[in-house]
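Numbering of the sequence shown is given in the numbering used here, commencing with residue 102 and proceeding in unit increments.
For reference, the structure discussed in these notes is given below.
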Amino acid sequence: MASTMKAVVYDRYGPPDVLRLEDVPVPVPGPREVLVEVAATSLNLSDWEALVGSPAYARFGGLRRPRRRILGSDIAGVVAAVGPGVTRFATGDEVFGDNLQRLGGFAQFAIASESALAVKPAALTFAQASAIPQSGEIAAQGTVDVTAGTRMLINGAGGGSGAFAIPLAKAAGAHVTGVDNAGKLAFMRALGADAVIDYRAEDFTRTGPYDLILDLVAHRSVFAYRRALAPGGRYRAVGGRVRALVRILTVGTVIAGVSGRRMGILVVRSGPAQFEPLAQRCAQGEIDIHIDRTFALHQTAEALAYLGEGRALGKVIVQP
102 MASTMKAVVY
112 DRYGPPDVLR
122 LEDVPVPVPG
132 PREVLVEVAA
142 TSLNLSDWEA
152 LVGSPAYARF
162 GGLRRPRRRI
172 LGSDIAGVVA
182 AVGPGVTRFA
192 TGDEVFGDNL
202 QRLGGFAQFA
212 IASESALAVK
222 PAALTFAQAS
232 AIPQSGEIAA
242 QGTVDVTAGT
252 RMLINGAGGG
262 SGAFAIPLAK
272 AAGAHVTGVD
282 NAGKLAFMRA
292 LGADAVIDYR
302 AEDFTRTGPY
312 DLILDLVAHR
322 SVFAYRRALA
332 PGGRYRAVGG
342 RVRALVRILT
352 VGTVIAGVSG
362 RRMGILVVRS
372 GPAQFEPLAQ
382 RCAQGEIDIH
392 IDRTFALHQT
402 AEALAYLGEG
412 RALGKVIVQP
């Protein structure tokens, strides 16, 4: 194995052009760590937020400059080496996982905790497997309470998490309304959405009422969200503006107490137990994986720009 590798790095927050391709040392796995030769890394909104340093929570651990120089959390590849104490994997195993704690996916090799990885289903390509972990965790946990007849709205449904959440909710028997920009309406219908809304043309909080709202990009007033909920309905935010999230945790709690409508933030659990069940359903053909575009490693900046502009239909993949 070579001592250096190609990696896309950055040293300051900013637009995609702050990224650059460099030769850096191949990392060495420590105790309970695995070195993965990366075959594919999927992009998530968390990558874009960590790149630009916004919202404020994206700077956790690195207020003025990035704490980790190499982005990319959802990886798939082949185990190249294992550190002391690793028992679940051996060199040559094909793996995938949500490596949000370590990042490093936009490179030829990445270090991951043994506990973050799972064996890749043989029926899935590396690109398909990399598309699942983080988006799948959000979609699975955001739809876990859906039952037949649930009137569900998903805001930001045309992206990576929505591309899993819509079919998962439909499979559970929900009536699903998808919200995103006009360029994604046809895509959401193809995923199975019963109704679609262009948020630029219509205020979705004046539609409904809904039994469940999964908000992937929270930025509206808690009173607007409350208006869209049916009595006994539930609203869960996953990401969005800090001001909106704080108000959901504070004012939203008060509103919930007096209206019977529950409002809060979905705290997403990570790890193989959260994404493997969906991966198996994908491998069995029950749920489709939607990959919009695939970019080479040296095109990572272009890939992130495409994601950040809100054009991606489903997942975007980088392959070294």
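We treat Cβ as the ideally placed atom computed from N, Cα and C, and that holds for glycine.
Those residues which DSSP pairs with residue i across a bridge
i	result
residue 138	179, 210
residue 407	Beta-bridge pairing links residue 407 to no other residue.
residue 314	254, 336
residue 218	198
residue 123	108
residue 396	419
residue 366	338
Cβ-based burial, residue i [other Cβ within 10 Å; buried from 16]
i	result
residue 202	exposed
residue 274	exposed
residue 251	buried
residue 332	exposed
residue 235	buried
residue 238	buried
residue 165	exposed
residue 127	buried
residue 303	exposed
residue 207	buried
residue 116	exposed
residue 161	exposed
residue 263	buried
residue 385	exposed
residue 322	exposed
Nearest-angstrom Cβ-Cβ length linking residue i and residue j, presumed shorter than 8 angstroms
i	j	result
residue 123	residue 103	Incorrect: roughly 14 angstroms between the Cβ atoms, too far for contact.
residue 211	residue 137	5 angstroms
residue 314	residue 254	5 angstroms
residue 256	residue 316	5 angstroms
residue 319	residue 340	7 angstroms
residue 413	residue 393	5 angstroms
residue 199	residue 376	7 angstroms
Contacting residues, own chain, Cβ-Cβ under 8 angstroms from residue i (five flanking each side not counted)
i	result
residue 282	259, 299, 300, 301, 411
residue 145	174, 175, 235, 236, 261
residue 387	272
residue 121	109, 110, 111
Residue span of the alpha helix (DSSP H) that contains residue i, given as start and end
i	result
residue 237	234-243
residue 153	146-153
residue 267	261-272
residue 381	373-384
residue 227	227-231
residue 289	286-292
Opening and closing residue of the beta strand (DSSP E) in which residue i lies
i	result
residue 336	330-338
residue 400	Counting along the chain, residue 400 falls outside any beta strand (DSSP E), and DSSP gives it neither H nor E.
residue 278	276-281
residue 417	416-420
residue 102	Careful: residue 102 lies outside any beta strand (DSSP E) and carries neither H nor E.
residue 297	296-299
Chain-order list of residues whose beta-carbon lies under 6 angstroms from that of residue i (same chain, five-residue window excluded)
i	result
residue 296	278
residue 325	306
Contact with chain D by residue i, beta-carbon distance below 8 angstroms
i	result
residue 153	Structure shown: chain D not included; a single protein chain is present.
The ligand SAH heavy atom lying under 7 angstroms from the CB of residue i
i	result
residue 298	The ligand SAH is absent from the structure shown, which contains no ligands of any kind.
Residues of its chain near residue i, where Cβ-Cβ distance is below 7 angstroms and the 5 sequence neighbours each way are ignored
i	result
residue 214	133, 134, 202, 203
residue 231	141, 142, 143, 175, 176, 177, 197, 418
residue 247	253, 270, 273, 275, 313
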